Amino acid sequence: MRTAYLDTLYDLAKKDQNVISLVADNGLIVYDDFRRDFPDRYFNFGISEGNMVSAAAGMASCGKIPFCYTISAFLAYRSYEFIRDDVCFQNQNVKIVGIGSGIAYSTLGPSHHATEDIGLLYSLPNLTVFSPGSPMDVRNIINAAYKIDGPVYVRLGTNKEAEIYSKEYDFKVGKAEVISEGNDISIIVTGSIIADVLEAVKRLEEKGIHARVINVHTLKPFDKECVIRAANETKSVYTVEEHTTVGGFGSIVADVLAESGVAVKFRKIGLDGCFAKGYGTPGEVKEMNQLDAESIYNIIWEREGKRDGLY
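443 is the number of the first residue of the sequence shown in the working numbering; add one for each residue after it.
1) Measuring CB atoms only, is the segment 647-663 touching the segment 616-628, in the sense that at least three cross pairs come out at less than 8 Å?
2) Which same chain residues end up closer than 6 Å to tyrosine 588 when comparing Cβ atoms and leaving out the 5 residues on each side of it in sequence?
3) Please list the terminal residues of the continuous beta strand (DSSP E) segment that includes tyrosine 519.
4) My understanding is that serine 634 touches glutamate 603, with C-beta atoms under 8 Å, so please give their C-beta distance in whole angstroms.
5) According to DSSP, is threonine 557 helix, strand or coil?
6) Taking the CB atoms as reference points, tell me whether valine 539 and valine 596 lie closer together than 9 Å.
7) Return yes when the Cβ of proline 724 is within less than 9 Å of the Cβ of alanine 518, no when it is not.
8) Using the Cβ count rule (16 or more neighbours within 10 Å means buried), how would you classify aspartate 665?
9) Who does phenylalanine 476 pair with in a DSSP beta bridge?
10) Among residues of its own chain, excluding the 5 on either side of glycine 561, which ones have a beta-carbon nearer than 6 Å to its beta-carbon?
11) Give me, in chain order, the residues of the same chain whose beta-carbon lies closer than 8 Å to that of alanine 672; leave out the 5 immediate sequence neighbours on both sides.
12) With respect to the alpha helix (DSSP H) encompassing glutamate 726, which residues constitute its N-terminal and C-terminal limits?
13) Let me confirm a value: arginine 526 is counted as buried when at least 16 other C-beta atoms fall within 10 Å, else exposed. Which label applies?
14) List the endpoints of the continuous alpha helix (DSSP H) containing tyrosine 588.
15) Is the segment 565-577 touching the segment 505-516 in the sense that three or more CB pairs, one from each, lie closer than 8 Å?
16) Using the Cβ count rule (16 or more neighbours within 10 Å means buried), how would you classify arginine 478?
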């Protein structure tokens, strides 16, 4: 995802001199091309994320299009007041791009995990929120963010996410993508954990459970119609997120279902109101926290298999 972001940002900067890159003590190697070719549009603020966001708001007020980039946890948590007051309250054209969503920085522990950022930033007025599932999503989202005249938050993984699309698709802001069709259950997912969901779905198919997988790359504005349609057309709805289930993606879907009045069996899969435990590779930490493909499969199979007498 990081490479997809940097390549797209570079292309935008080539065609528009108002595109500016701001970083906070990171990106010294990955930003080499941008820094070399656009030295007057690259600013490193050091470990000063709040100042970076505030400066970006000032730049935006002068007609520039600043893209702020650093680790998601530091952007969402440390800079929250500046995002709220200087960017969203003023409705400034600032793009806030966090790297390392979920537990991507798995060896560094909860201080570097972005597992509460959706709950924190989703509530802010004027802010468009994106959560890409793959590199292709990232390219589409950054191009869309550039065109949006207002605040945007993008939560990226790192740089080793699998591509979930085999070809280009009709990307639309605020419209979810149905990745696979199925009429038994719906699995609604956001972020790069969709790759684990798709692995789990393969095993469910072998057991006779056909899942509709929906990739929600835009959290705000949210595609309520897609969720309601899935609830009406399948027996159960599951949400999967690399994030706390308290006030996170699953809570957004739960609100939609409750307000729609649709009666459907519903289960949130994610961090159950806790910080992620353990250290290791992203795959190892996912497994420790029951967020890997095997765990997702087991949670759904135990519930659906028992209900349908297949277990």
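Glycine included, every Cβ here is placed at the ideal spot set by N, Cα and C. Only a predicted model underlies this, so the values are computations on that prediction, with no experimental measurement involved.
Quick look at the numbers:
1) yes
2) Residue numbering aside, residue 588 sits at position 146 when the sequence shown is read from its first letter. So the list reads Leu454, once near-sequence residues are dropped.
3) Counting from 1 along the sequence shown, the entry for residue 519 is found at position 77. Run containing tyrosine 519: none; DSSP gives neither H nor E here.
4) Taking the sequence shown and counting its residues from 1, the one referred to as residue 634 is at position 192. Taking the sequence shown and counting its residues from 1, the one referred to as residue 603 is at position 161. With a Cβ gap of about 4 Å, serine 634 and glutamate 603 count as contacting.
5) On the sequence shown, residue 557 is found 115 positions in, with the first residue counted as 1. Three-state DSSP puts threonine 557 in coil, outside helix and strand.
6) Position 97 of the sequence shown, counted from the first residue, corresponds to residue 539. Position 154 of the sequence shown, counted from the first residue, corresponds to residue 596. In contact: valine 539 and valine 596 (Cβ atoms closer than 9 Å).
7) Mapped onto the sequence shown, residue 518 falls at position 76. Mapped onto the sequence shown, residue 724 falls at position 282. In this structure, proline 724 does not lie closer than 9 Å to alanine 518 by Cβ.
8) Indexing the sequence shown from 1 puts residue 665 at position 223. It is buried - the Cβ of aspartate 665 has at least 16 other Cβ atoms within 10 Å.
9) The count along the sequence shown starts at 1 and reaches residue 476 at position 34. Per DSSP, none; premise fails for phenylalanine 476.
10) Within the sequence shown, the letter at position 119 stands for residue 561. Closer than 6 Å at Cβ, skipping near neighbours: Gly689 and Gly690.
11) Here residue 672 refers to the residue found at position 230 of the sequence shown. The answer, listed in chain order, is Ser628, Ile630, Arg654, Ile656 and Val679.
12) As a position in the sequence shown, residue 726 is number 284, starting the count at 1. Taken as a continuous stretch (DSSP letters only), the alpha helix (DSSP H) holding glutamate 726 covers 724-730.
13) Locating residue 526 in the sequence shown gives position 84, counting from the first residue. Looking at its Cβ environment, which holds 16 or more other Cβ atoms inside 10 Å, arginine 526 is buried.
14) The residue labelled residue 588 in the question sits at position 146 within the sequence shown. Where tyrosine 588 is concerned, the enclosing alpha helix (DSSP H) stretches over 577-589.
15) no
16) As a first step, residue 478 must be located in the sequence shown, where it is residue number 36. Arginine 478 comes out exposed.
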